[in-house]
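**Student:**
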Amino acid sequence: MNFQALFEPKTMAVIGVSLKNERHPGNVIFNKNFHRYPLKVFPVNPQGGVLQGEAVFTHLSEIPEKVDLAVIAVRAEQVANVIADCIQAGVGGATVISGGFAEINRKDLQDHIVAVAEEANFPFIGPNCLGIYSPSRVDTFFLPSERMVKPDPGNVAMISQSGGVLVDQMVKFADEGVGLSLAVSIGNKAMIRELDLLYYLEKDPETRVIAFYLEGFGKNEGREFVIAAGQCAKPVIVLKAGKSPGGSRAVSSHTASLAGDYQTFSAVLSQFGVVEAKNEVELISFCESLSTYNRSIEGQIGIVTGSGGHGALAVDVCADHGLSVPILSEKVQKELRGNLSPSVRAIASVGNPIDLTGSAVDDDFVAATTSLSKAPEIDCIIALLLPYAPGITMDLGARLSQVYQRQKKPLVAYVPHVDKYRMLTEGLEFNRIPVSPSIEGAVLMAEAMRRCQPC
Amino acid sequence: MLRKEIRAIVSASSQQGWVLEPEAKRLLSLAGLGVPKYTWTTDVEEALQFAEQVGYPVVAKVVSPEILHKSDQGGVVTGIDSDEKVSATFARFSQLLGFAGVLVEEMLSGVELIVGAKIDYQFGPVIVLGMGGTGVEIYRDTTLRMAPLEERHVKAMVKDLKAHQLLEGYRGSEPVNLAELTRMMITFSQLVMEIESLIDSIDLNPVICSENKCVVADARILLKVA
Numbered sequence: 001m002n003f004q005a006l007f008e009p010k011t012m013a014v015i016g017v018s019l020k021n022e023r024h025p026g027n028v029i030f031n032k033n034f035h036r037y038p039l040k041v042f043p044v045n046p047q048g049g050v051l052q053g054e055a056v057f058t059h060l061s062e063i064p065e066k067v068d069l070a071v072i073a074v075r076a077e078q079v080a081n082v083i084a085d086c087i088q089a090g091v092g093g094a095t096v097i098s099g100g101f102a103e104i105n106r107k108d109l110q111d112h113i114v115a116v117a118e119e120a121n122f123p124f125i126g127p128n129c130l131g132i133y134s135p136s137r138v139d140t141f142f143l144p145s146e147r148m149v150k151p152d153p154g155n156v157a158m159i160s161q162s163g164g165v166l167v168d169q170m171v172k173f174a175d176e177g178v179g180l181s182l183a184v185s186i187g188n189k190a191m192i193r194e195l196d197l198l199y200y201l202e203k204d205p206e207t208r209v210i211a212f213y214l215e216g217f218g219k220n221e222g223r224e225f226v227i228a229a230g231q232c233a234k235p236v237i238v239l240k241a242g243k244s245p246g247g248s249r250a251v252s253s254h255t256a257s258l259a260g261d262y263q264t265f266s267a268v269l270s271q272f273g274v275v276e277a278k279n280e281v282e283l284i285s286f287c288e289s290l291s292t293y294n295r296s297i298e299g300q301i302g303i304v305t306g307s308g309g310h311g312a313l314a315v316d317v318c319a320d321h322g323l324s325v326p327i328l329s330e331k332v333q334k335e336l337r338g339n340l341s342p343s344v345r346a347i348a349s350v351g352n353p354i355d356l357t358g359s360a361v362d363d364d365f366v367a368a369t370t371s372l373s374k375a376p377e378i379d380c381i382i383a384l385l386l387p388y389a390p391g392i393t394m395d396l397g398a399r400l401s402q403v404y405q406r407q408k409k410p411l412v413a414y415v416p417h418v419d420k421y422r423m424l425t426e427g428l429e430f431n432r433i434p435v436s437p438s439i440e441g442a443v444l445m446a447e448a449m450r451r452c453q454p455c
Numbered sequence: 001m002l003r004k005e006i007r008a009i010v011s012a013s014s015q016q017g018w019v020l021e022p023e024a025k026r027l028l029s030l031a032g033l034g035v036p037k038y039t040w041t042t043d044v045e046e047a048l049q050f051a052e053q054v055g056y057p058v059v060a061k062v063v064s065p066e067i068l069h070k071s072d073q074g075g076v077v078t079g080i081d082s083d084e085k086v087s088a089t090f091a092r093f094s095q096l097l098g099f100a101g102v103l104v105e106e107m108l109s110g111v112e113l114i115v116g117a118k119i120d121y122q123f124g125p126v127i128v129l130g131m132g133g134t135g136v137e138i139y140r141d142t143t144l145r146m147a148p149l150e151e152r153h154v155k156a157m158v159k160d161l162k163a164h165q166l167l168e169g170y171r172g173s174e175p176v177n178l179a180e181l182t183r184m185m186i187t188f189s190q191l192v193m194e195i196e197s198l199i200d201s202i203d204l205n206p207v208i209c210s211e212n213k214c215v216v217a218d219a220r221i222l223l224k225v226a
């Protein structure tokens with residue numbers, strides 16, 4: 001199946017716009033694409049009329065151009081006919097926004113639309129979904145533009161069974177400066193499933209990290225998915241809902257009890273090098289980290305900070321996550337100390353964590369980070385940056401990113417999430433150094449690299 | 001390539017939904033897994049003869065289509081060290097519901113493991129390895145992989161266990177034969193892939209591993225509900 005028409009459409013029909021209800025999903029989708037996206041949009045309603053000054057087509061077949069993408073927002077019973085019309089008109093693919101299928105026990109209706117589409121090899125997303133958000137190209141989410149928070153275009157693709165989770169996740173991506181290449185809400189995933197999109201995204205040049213929010217797989221579908229994800233050259237991250245055992249199903253073997261649904265899911269994912277995010281916080285940190293650092297590490301962390309307490313807390317979190325913080329060799333320690341400014345040299349701790357103290361200036365952080373980058377016993381650096389100290393300037397972010405550019409040793413940072421330090425954070429993030437607003441988050445960014453085998 | 005005899009054992013058990021232990025042992029043995037020397041008999045004299053032949057102590061277990069969890073019903077006695085005890089155990093077991101004989105086995109020593117299989121709805125056959133025995137669901141020191149297993153999987157599974165040092169030789173004890181354990185796990189995984197469509201789950205618990213060998217001391221094969 002060719003998904004290009006779905007994700008890079010030049011023309012789009014919105015089938016089922018309303019002439020009476022401005023808040024109808026079809027109208028919201030028509031409006032936002034008509035005003036804000038570089039594609040041609042055609043409204044369709046059998047009654048005709050005018051919408052936003054544009055003529056409403058009474059039927060798909062009247063549209064004078066070939067339609068790439070059809071957004072279907074009609075009642076469930078009518079969807080099969082509309083799909084047949086799309087096939088007839090040579091439309092490239094569809095997203096079916098409409099609900100009223102398997103989620104309300106109308107699997108029969110759902111099976112019917114799949115049968116119609118499959119016969120013609122016609123790809124559709126959904127039903128019962130928000131569909132596609134492809135930055136700067138198209139947006140089929142029926143949420144008014146002013147209500148959405150959109151991350152910058154970037155290289156993380158996110159596929160979600162839940163539209164709500166996806167939209168909320170986008171807010172968090174935007175907050176943390178994680179850019180998106182594509183977001184797809186697949187709803188009931190009647191035809192296009194996670195696996196299909198994994199294959200597509202593996203080849204998509206704009207995507208470097210593929211993230212999924214999953215509720216569950218069909219019979220043996222998980223097996224196919226992990227085998228494909230294990231062979232995928234890009235990091236695959238999964239957040240799974242439904243970790244607690246469902247109900248009190250009687251289990252008569254020890255094995256069935258020990259290998260519960262979630263235990264199995266989690267163990268099999270890690271067997272195939274798929275990075276499982278346990279919660280939303282982990283998902284964001286993992287995406288941010290792996291979108292920059294497409295590699296795996298052993299997990300030998302060097303920590304540099306201006307606060308001994310932050311260093312100690314970070315060591316604890318590293319230990320919890322199976323990362324080690326090895327003491328630096330005499331040689332590295334000596335060289336590191338020698339490169340510090342005279343007033344800091346006398347009072348800094350340089351064993352690891354490296355505490356440059358509150359007297360440190362930007363140059364000390366640059367010197368310490370450079371030494372850690374050259375130390376063979378370290379494969380990732382966590383910089384805990386506290387701009388409260390008087391010697392730290394807003395330039396430090398951009399300067400540390402230069403250290404990474406020269407040395408190429410993965411570097412992640414913690415900077416307090418305070419608006420007045422934004423320039424420091426942006427100095428890092430705009431130069432593709434991942435930043436977290438918490439120590440835990442920074443450690444998770446390092447952990448992502450340790451857990452990602454195919455990187 | 002489902003071996004005929006294995007299929008015959010499974011289909012003979014399909015009515016009760018699980019395979020009686022002696023039949024399970026025969027099935028595993030056909031597949032190439034090690035099982036203890038055993039006899040399955042309703043005649044106490046035969047049991048005594050067997051005990052004499054393999055030497056005391058022995059283990060006795062009740063065989064009954066009504067008893068899936070034998071320990072819970074007092075249907076397992078280990079460390080039987082005399083003819084009198086064999087006879088007494090035999091007499092007691094014969095009163096249990098659905099009595100279909102006694103399984104008398106040589107008694108083995110070593111580290112007790114659980115090796116299991118489950119046909120997962122989303123992922124198909126998965127294989128479990130863990131510290132075994134009756135406390136398996138209390139300690140829950142287990143790990144699992146999707147089948148089929150390769151050698152590297154088994155190595156990683158052993159490392160996953162919190163108690164892995166007990167397998168690798170701890171405080172002067174001999175390490176278990178990891179090569180045998182690996183061979184056993186891979187053979188088991190192949191068997192599970194073959195009979196995937198017929199089974200629901202399998203417990204081999206305990207599998208007793210010593211420095212020489214790994215032997216399936218007890219086996220429960222639950223069949224797929226038709």
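Chains as they are written, first to last, in my numbering: chain A, 1 to 455; chain B, 1 to 226.
From the three backbone atoms N, C-alpha and C, an ideal C-beta is built for every residue, glycine too.
Residues of chain B with a CB under 9 Å from the CB of Gly222 (chain A): which are they?
**Tutor:** The count along the first sequence starts at 1 and reaches residue 222 (chain A) at position 222. In chain order: Asp120, Tyr121, Gln122, Phe123, Gly124 and Met146.
**Student:** Taking only the alpha-carbon atoms, compute the straight-line gap between Cys287 (chain A) and Val35 (chain B) and give it to the nearest angstrom.
**Tutor:** As a working mapping, residue 287 (chain A) is identified with position 287 in the first sequence. As a working mapping, residue 35 (chain B) is identified with position 35 in the second sequence. Using only the alpha carbons, I get a separation of about 49 Å.
**Student:** What does a CB cutoff of less than 6 Å around Gly247 (chain A) pick up in its chain, not counting 5 residues either side in sequence?
**Tutor:** Within the first sequence, residue 247 (chain A) is the residue found at index 247, counting from 1. Because Gly247 (chain A) carries a pLDDT of 48, less than 50, the predicted location of this residue cannot be relied on, and the following value inherits that uncertainty. Excluding residues within five positions, none has a Cβ falling inside 6 Å.
**Student:** Hey, how far is the Cα of Asp456 (chain A) from the Cα of Glu66 (chain B)?
**Tutor:** In this structure chain A extends from 1 to 455, so residue 456 (chain A) is not present and cannot be described.
**Student:** Along the segment 258–271 of chain A, what residues have a CB closer than 9 Å to any CB found in chain B?
**Tutor:** Leu258, Ala259, Asp261, Gln263, Thr264, Phe265, Ala267, Val268 and Gln271
**Student:** How far does the alpha helix (DSSP H) with Asp108 (chain A) in it reach, from first residue to last?
**Tutor:** For this step, residue 108 (chain A) is matched to residue 108 along the first sequence. Taken as a continuous stretch (DSSP letters only), the alpha helix (DSSP H) holding Asp108 (chain A) covers Lys107 to Glu119.
**Student:** To the nearest angstrom, report how far apart Gly397 (chain A) and Phe430 (chain A) are at their CA atoms.
**Tutor:** Position 397 of the first sequence, counted from the start, is the residue given in the question as residue 397 (chain A). Position 430 of the first sequence, counted from the start, is the residue given in the question as residue 430 (chain A). Distance between the alpha carbons of Gly397 (chain A) and Phe430 (chain A) is about 9 Å.
**Student:** Mind listing, in chain order, the continuous alpha helix (DSSP H) runs of no fewer than 4 residues lying wholly within the segment 216–281 of chain A?
**Tutor:** Listed in chain order, they are 221–231, 254–258 and 261–271.
**Student:** Can Ala13 (chain A) and Ala73 (chain A) be called in contact, C-beta distance under 8 Å?
**Tutor:** For this step, residue 13 (chain A) is matched to residue 13 along the first sequence. For this step, residue 73 (chain A) is matched to residue 73 along the first sequence. Not a contact, by the Cβ cut-off of 8 Å.
**Student:** If you measure between the beta carbons of Asn31 (chain A) and Val138 (chain A), is that distance less than 8 Å?
**Tutor:** Position 31 of the first sequence holds residue 31 (chain A). Position 138 of the first sequence holds residue 138 (chain A). No, the pair does not count as a contact, with Cβ atoms beyond the cut-off.
**Student:** Taking the beta carbon of Ser257 (chain A) as the centre, do at least 16 other beta carbons fall within 10 Å, making it buried, or is it exposed?
**Tutor:** Taking the first sequence and counting its residues from 1, one reaches residue 257 (chain A) at position 257. Classification of Ser257 (chain A): buried, given that the 10 Å Cβ count is 16 or more.
**Student:** In chain order, what residues of the same chain lie with their CB nearer than 7 Å to the CB of Val79 (chain A), ignoring the 5 residues before and after it?
**Tutor:** By one-based count along the first sequence, residue 79 (chain A) stands at place 79. Same-chain partners within the cutoff: Ile72, Val96, Ser98, Ile113 and Pro127.
**Student:** What does the alpha-carbon distance come out to for the pair Thr142 (chain B) and Ala117 (chain A)?
**Tutor:** Here residue 142 (chain B) refers to the residue found at position 142 of the second sequence. Here residue 117 (chain A) refers to the residue found at position 117 of the first sequence. About 45 Å.
**Student:** In the segment 8–81 of chain B, which residue ranges form an unbroken beta strand (DSSP E) of at least 3 residues, counting only runs that do not cross its ends?
**Tutor:** 38–41, 58–62 and 76–80
**Student:** Does the CB of Ala228 (chain A) have a neighbour CB from chain B at under 8 Å?
**Tutor:** The sequence position of residue 228 (chain A) within the first sequence is 228, counting from 1. Chain B, which has no Cβ nearer than 8 Å to the Cβ of Ala228 (chain A), makes this no.
**Student:** For a contact defined as C-beta to C-beta under 8 Å, what are the partners of Gly216 (chain A) on chain B?
**Tutor:** Here the question's residue 216 (chain A) lines up with position 216 in the first sequence. Correct list: Gln122.
**Student:** Please go through the segment 12–76 of chain A and give each complete alpha helix (DSSP H) segment of 4 or more residues, from N-terminal end onward.
**Tutor:** Unbroken alpha helix (DSSP H) runs of no fewer than 4 residues, entirely contained in the segment 12–76 of chain A, are found at 25–36, following chain order.
**Student:** Ser201 (chain B) touches chain A at which residues, Cβ-Cβ below 7 Å?
**Tutor:** Against the second sequence, residue 201 (chain B) aligns to sequence position 201. Residues of chain A passing the Cβ test: Ser253, Thr255 and Ala256.
**Student:** If I'm right that Val111 (chain B) touches Leu149 (chain B) with Cβ under 8 Å, what's the distance once you round it to whole angstroms?
**Tutor:** For the purposes of this step, residue 111 (chain B) is taken as residue 111 along the second sequence, with counting starting at 1. For the purposes of this step, residue 149 (chain B) is taken as residue 149 along the second sequence, with counting starting at 1. About 19 Å; that fails the 8 Å criterion.
**Student:** Give the DSSP-derived three-state secondary structure of Gln481 (chain A) in the structure shown.
**Tutor:** Not covered by the structure: residue 481 (chain A). The range shown for chain A is 1 to 455.
**Student:** Beta-carbon within less than 6 Å of Gly132 (chain B)'s beta-carbon, same chain only, minus the 5 sequence neighbours each way: which residues are those?
**Tutor:** Looking up residue 132 (chain B) in the second sequence gives position 132. So the qualifying residues of the chain are Glu112, Leu113, Ile114, Asn205 and Pro206.
**Student:** Measuring alpha carbon to alpha carbon, tell me which of B:Gly169, B:Lys162, B:Leu30 and B:Ser14 ends up nearest Phe188 (chain B).
**Tutor:** For the purposes of this step, residue 188 (chain B) is identified with residue 188 of the second sequence, where counting begins at 1. For the residues B:Gly169, B:Lys162, B:Leu30 and B:Ser14, the minimum Cα distance to Phe188 (chain B) belongs to B:Leu30.
**Student:** Rounding to the nearest angstrom, what Cα-Cα distance links Tyr414 (chain A) and Gly179 (chain A) in this structure?
**Tutor:** Sequence index remark: in the first sequence, residue 414 (chain A) carries index 414 (1-based). Sequence index remark: in the first sequence, residue 179 (chain A) carries index 179 (1-based). Distance between the alpha carbons of Tyr414 (chain A) and Gly179 (chain A) is about 19 Å.
**Student:** Return the chain-ordered ranges of every alpha helix (DSSP H) run that is complete within the segment 335–390 of chain A and spans a minimum of 4 residues.
**Tutor:** 342–345 and 362–374
**Student:** Once DSSP output is grouped into helix, strand and coil, what is the label at Val215 (chain B)?
**Tutor:** Position 215 of the second sequence, counting from 1, holds the residue named residue 215 (chain B). It is a strand residue.
**Student:** For the alpha helix (DSSP H) containing Tyr404 (chain A), list its first residue and its last residue.
**Tutor:** Counting from one through the first sequence, the residue named residue 404 (chain A) turns up at place 404. Per DSSP, Tyr404 (chain A) belongs to the alpha helix (DSSP H) from Leu396 to Gln407.
**Student:** So with CB distances below 7 Å, who are the chain B contacts of Lys219 (chain A)?
**Tutor:** Mapped onto the first sequence, residue 219 (chain A) falls at position 219. Ordered by position in chain B, the residues that pass the 7 Å Cβ test against Lys219 (chain A) are Tyr121.
**Student:** Determine, for Ile186 (chain B), whether the minimum Cβ-Cβ distance to residues of chain A falls below 8 Å.
**Tutor:** The residue labelled residue 186 (chain B) in the question sits at position 186 within the second sequence. Judged by the 8 Å Cβ criterion, Ile186 (chain B) is not in contact with chain A.
**Student:** Closest to Met423 (chain A) by CA distance: which of A:Gly218, A:Gly177, A:Gly26 and A:Ile439 is it?
**Tutor:** Locating residue 423 (chain A) in the first sequence gives position 423, counting from the first residue. The shortest C-alpha separation from Met423 (chain A) is found at A:Gly177.
**Student:** Looking at the unbroken beta strand (DSSP E) that takes in Cys209 (chain B), where does it start and where does it end?
**Tutor:** In the second sequence, the residue the question calls residue 209 (chain B) occupies position 209. Its beta strand (DSSP E) spans residues Ile199 to Cys209.
**Student:** Apart from the five residues on each side of it in sequence, which residues of its chain come closer than 7 Å, Cβ to Cβ, to Ser285 (chain A)?
**Tutor:** What you label residue 285 (chain A) is simply residue 285 of the first sequence in a count that begins at 1. Around Ser285 (chain A): Ser436, Gly441, Leu444, Met445 and Ala448.
**Student:** Are the segment 146–158 of chain A and the segment 214–230 of chain A in contact at 8 Å, needing three or more beta carbon pairs?
**Tutor:** Contact fails: fewer than three Cβ-Cβ distances are below 8 Å.
**Student:** Classify Arg220 (chain B) as helix, strand or coil using the three-state DSSP reduction.
**Tutor:** For the purposes of this step, residue 220 (chain B) is identified with residue 220 of the second sequence, where counting begins at 1. If DSSP states are grouped into helix, strand and coil, Arg220 (chain B) belongs with the strands.
**Student:** Please tell me whether Gly247 (chain A) has its Cβ less than 8 Å away from any Cβ of chain B.
**Tutor:** Locating residue 247 (chain A) in the first sequence gives position 247, counting from the first residue. Only weak support is given to the placement of Gly247 (chain A): the predicted model assigns it a pLDDT of 48, under 50, and the value that follows is read from those uncertain coordinates. Chain B, which has no Cβ nearer than 8 Å to the Cβ of Gly247 (chain A), makes this no.
**Student:** Could you spell out where the beta strand (DSSP E) holding Ser185 (chain A) opens and where it closes?
**Tutor:** In the first sequence, counting from the first residue as 1, residue 185 (chain A) sits at position 185. Run containing Ser185 (chain A): Leu180 to Ser185, per the beta strand (DSSP E) assignment.
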